[in-house]
Amino acid sequence: MSGPVSRSLRSARVLIALGMILCIGICALFAGWIAPHDPGDQNLLSILTPPAWAAGGDPSYPLGTDGLGRCILSRLIYGARTAMLVAFFASFGAMIIGSVLAHISGYFGGVVDWIIGRMVDVWMSFPPVILSLILMVGLGVGLSKVILAIILVDWTRFCRVLRSEVLIVTRHDYVAAVRLLGFTHWQTIVREVLPATLPLLITLVSIEMAIAVVVEAILSFVGLGVGSDQPAWGQMIADARQSVYQSPWNLLLPILGIFLTVTAFNLLGDGLRRTLDVRFSETGR
Amino acid sequence: MFAIQADELTVGAAIDGVIVPAIRALSFELEPGKILGLVGESGAGKSMVGRAIAKLLPSGFKVTSGRLLFEGTDLVQMPPGALRALLGRAIAFIPQAPMTALNPVHTIGAQFDEHLARIDEGDRASRRDRALTMLEAARLPHATDLLAQYPHQLSGGMCQRVLIALAFSSNPRLVIADEPTTALDVTMHPQILRLIADMQREHGTAVIFITHDLRLAAQLCDEVIVMYAGRAVESGPARAVLSSPAHPYTRCLQLANPSMRAERRALYVMPEQMPSLSQLRDMSGCHFAPRCPLVAADCRRVEPPSLMLAAGRNAACIRAEATSDIGATQQLTSAPAISQRLVLQVEGLEKHYAAGRGLFGRGRIVSAVKRASFVIAENEFVALVGESGSGKSTIAKLLVGLEQPTNGRILLNGENLTEATTRSAALRAISLQIVFQDPQSALNPRRRVASIVTQVMEAGSRHAGWEELRAKTAELLAEVGLSADLAARLPGQLSGGQRQRVNIARALCTIPKILVADEIVSGLDVSIQAQLLNLLARLRAELGFAMLFISHDLSVVRHLCSRVLVMYRGEIVEQGPVETVFANPQHPHTRALLASVPPDEPEVAWSMLQAAVN
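Protein sequences appear in the order of chains Y and Z. Basically my numbering = 1-based index in the first sequence + 19. Basically my numbering = 1-based index in the second sequence + 52.
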């Protein structure tokens, strides 16, 4: 008998994804120690230098500099900090709002379900990027505002997907059985329903993290993300547009950062879904 | 020439890299126009025979040796193309679940036409005529209308008739019917069986009839093979085998089946259950030995050969001569006296559902239960019988409070439970419990057995101590006859019978005054069913509780209950003591239910099947 945790840790997908996330996470956490330069420091004497190994590269700027002479590596590392902060807080926030409403909606059904369902419908009919842009205009720029905007846009995803899972679990006789044994609604949801929906919840969170990274990049790209004093990958892409012909790596490196982070979270989500979902494991795979 | 002949057929299954035989050296011969019954409990390998013929074995299973000769040609060696040409034409199948065997998005006519086109049955018009002829032969009314209908518009019984018509439309020489009535209502059984028998006789088809019901096999089949753990333990002419079984397993199965007409007796309880494939791997000797009442030292050492007892009669048992001495070992647990004190009173209970209510218009009102009134006294086991959709389960849900009645009253120990209040919920929690039909769904797959059976002690603000929980778990598991080391298992690691015991144990935790049991032995094998029926009788004697036992199996009802309520279309149409009602049924539905049970004695002709012969 192996528990879900040990089963997950035997999955190659999960292990690779966790490894990648750990690397990015360390960069984010210890950016101050790892980064060779301050990400805001401009060196106007050496702008658009190529990476250190290319002709004309400067060893003190391992990945070269951007149009204002800022160290790309340092900006990437600090950008990872922004991306990770947004990924974690936004996805957990969206998860909490979405899953609480999903459990209430799916468990009680009836009018409550109808109201929450319609609310989600209306919410989801706004294009998500436009909605977050509008929110950012209203809220103003800043890390916490980005997180809030993503939470407000993406809770519906959790709510809709989880609600159908809650509905399925609630139809099982064991949920009816504990109600008849005298469990309160709260006890029933927490002890019987939640453990069954948890695998899906965890999977959704990891996928949401990938989405949050992309959304944050988009918002920063249009200049409505974190403040201009805080490095972000989206911002780097926006800055690199002007010099894309002179120094393509300026554009490619932050894209690579986004790509790796999103891949890692998606891989984690997929791996967890395979190992945690009872429908996969009960059939003996 | 034989229609089909199996010659030492062996089907192996790969279990953890080892090949375990799921069918071992099965040999039989079936002449054209005869019916061969394959009888046994689930896991005996009977369905595997049909799948081997169609080459539709589950992954990991394959024919490892032996031959399957269809009219002299070996199906095992046959190239897939040639086999495909036979299937659907010369060999046809009648499936177990008729509702899922038809494609829901095509009309019956389209599906018939597709099948007939595949077997090259003329042009469109002649195919249509053929379809109509076959549907009429299957005694389906309004065959023309039926062609334009979709499967969901038909009842399960009608779907099965359509499938039987389909199967026989190609004039097959062999038909394999795998439990064709199991998924249907009991009242449908005789008609479906009669139809198969008639079609078989008319077309001179050889039929392999797979069933778990010995009484049915005795009525329908010419020859039977009783299978146990992949082996044919006994074979011979159906009536001879079932009237004087030579193998202890056949005899034990018969004794485990409650009787409809004979005097009530204790059911014979075979210990444990049929070994699973992974258990078979490590077994030597006779596979039935661990459960056999006649077991001798030799049985555990060597596998007994199949011995010929008479012409065409074989049994794989070295002690076959003693089989007839096996009798019920247990005394019928005497039921405690039923007192006059009423536990449950139900008065004029009604439940209406609004159906088909759209945005506009009022919609119809469907009454699931119409003015049901009954009482249950202390320690009394009352049965609620009726076909599916008659409102039995709705009554159960109303009683336990999962649904609210539209009208009427429910009194538990004189206290009104009709209103859904915290007080009525609390009253129910301590004295009225339900055992759900499907333990798979009723047990949380993520909780351990120990935590499931003591779940009630987690309810509300009660906080039972660790010691208290452990003591209660041990006590409950012992009561339902489960070993204490199962406490740490998850429901997925238990067998069907064990799961149902856990299910019962949970309901008994508070020692309720009344249990509502919804079809709790329906999905189980006869030997497991006997274990549970005896368990319920013993628990009543020990703990004292009343029960509303919902079932469609009248022989089980007769065995366990003293009074019966017959439901038909939401109404209780008849109620009274079991013996009286069964001996002298008043309502046509009660009569239909009674007629659908084949007689216990193989010699006695079953009137329902006989009517067709003449």
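Think of the CB as a built atom: it goes at the ideal place given N, C-alpha and C, for glycine as much as any other residue.
Cβ-Cβ distance between residue i and residue j below 9 Å
i                : j                : result
Arg76 (chain Z)  : Arg365 (chain Z) : no
Ala96 (chain Z)  : Met279 (chain Z) : yes
Thr375 (chain Z) : Thr474 (chain Z) : no
Ala191 (chain Z) : Arg213 (chain Z) : Residue 191 (chain Z) is actually Arg in this sequence, not Ala. Yes; because the gap between Cβ atoms is below 9 Å, this pair is in contact.
Glu275 (chain Z) : Pro289 (chain Z) : yes
Leu181 (chain Y) : Leu219 (chain Y) : yes
Ile228 (chain Z) : Ile277 (chain Z) : no
Leu396 (chain Z) : Ile462 (chain Z) : yes
Leu451 (chain Z) : Ile482 (chain Z) : no
Thr196 (chain Z) : Leu206 (chain Z) : no
Pro58 (chain Y)  : Ser79 (chain Y)  : no
Asn309 (chain Z) : Leu266 (chain Z) : yes
Gly89 (chain Z)  : Pro150 (chain Z) : no
Beta carbon proximity, residue i to chain Y, threshold 9 Å
i                : result
Asn468 (chain Z) : no
Gly453 (chain Z) : yes
Glu510 (chain Z) : yes
Ile216 (chain Z) : no
Ser117 (chain Z) : no
Asp126 (chain Z) : no
Asn496 (chain Z) : yes
Asn666 (chain Z) : For Asn666 (chain Z), the pLDDT reaches just 39, beneath the cut-off of 50, and the residue's location in the model is therefore unreliable, leaving the point undetermined.
Any chain Z beta carbon closer than 9 Å to residue i
i                : result
Arg198 (chain Y) : yes
Leu287 (chain Y) : no
Asp173 (chain Y) : no
Gln206 (chain Y) : yes
Arg179 (chain Y) : no
Tyr97 (chain Y)  : no
Thr19 (chain Y)  : Limits of chain Y in this structure are 20 at one end and 304 at the other, which puts residue 19 (chain Y) out of reach.
Residue i - DSSP class collapsed to helix/strand/coil
i                : result
Ala349 (chain Z) : helix
Ile244 (chain Z) : helix
Ala55 (chain Z)  : coil
His515 (chain Z) : coil
Asn155 (chain Z) : coil
Phe80 (chain Z)  : strand
Tyr320 (chain Z) : coil
Phe145 (chain Z) : strand
Asp258 (chain Y) : helix
Gln397 (chain Z) : strand
Asp248 (chain Y) : coil
Tyr80 (chain Y)  : coil
Tyr264 (chain Y) : coil
Arg423 (chain Z) : strand
Glu432 (chain Z) : coil
Ala73 (chain Y)  : coil
Leu546 (chain Z) : coil
Through-space distance from residue j to residue i, alpha-carbon basis
i                : j                : result
Asn269 (chain Y) : Val194 (chain Y) : 56 Å
Thr125 (chain Z) : Lys107 (chain Z) : 15 Å
Ile45 (chain Y)  : Gly86 (chain Y)  : 27 Å
Leu120 (chain Z) : Gly69 (chain Z)  : 26 Å
Trp133 (chain Y) : Ile123 (chain Y) : 11 Å
Phe597 (chain Z) : Ser425 (chain Z) : 20 Å
Ala657 (chain Z) : Gln271 (chain Z) : 7 Å
Ile171 (chain Z) : Ser222 (chain Z) : 7 Å
Gln306 (chain Z) : Met100 (chain Z) : 23 Å
Arg103 (chain Z) : Gly628 (chain Z) : 46 Å
Gly337 (chain Z) : Pro323 (chain Z) : 18 Å
Ile504 (chain Z) : Val209 (chain Y) : 15 Å
Ser25 (chain Y)  : Leu295 (chain Y) : 11 Å
Ala142 (chain Z) : Ser442 (chain Z) : 40 Å
Proximity test, residue i beta-carbon vs the ligand GTP heavy atom, cut-off 8 Å
i               : result
Phe49 (chain Y) : Absence of the ligand GTP is noted for the structure shown, with no ligands found whatsoever.
Those residues which DSSP pairs with residue i across a bridge
i                : result
Ala367 (chain Z) : Z:Glu286 and Z:Leu359
Gly628 (chain Z) : Z:Val616
Ala66 (chain Z)  : Z:Ile71
Met39 (chain Y)  : None; Met39 (chain Y) has no bridge partner.
Glu467 (chain Z) : Z:Leu464
Phe122 (chain Z) : Z:Ile56 and Z:Thr125
His43 (chain Z)  : Residue 43 (chain Z) is absent from the structure shown; chain Z starts at 53 and stops at 666.
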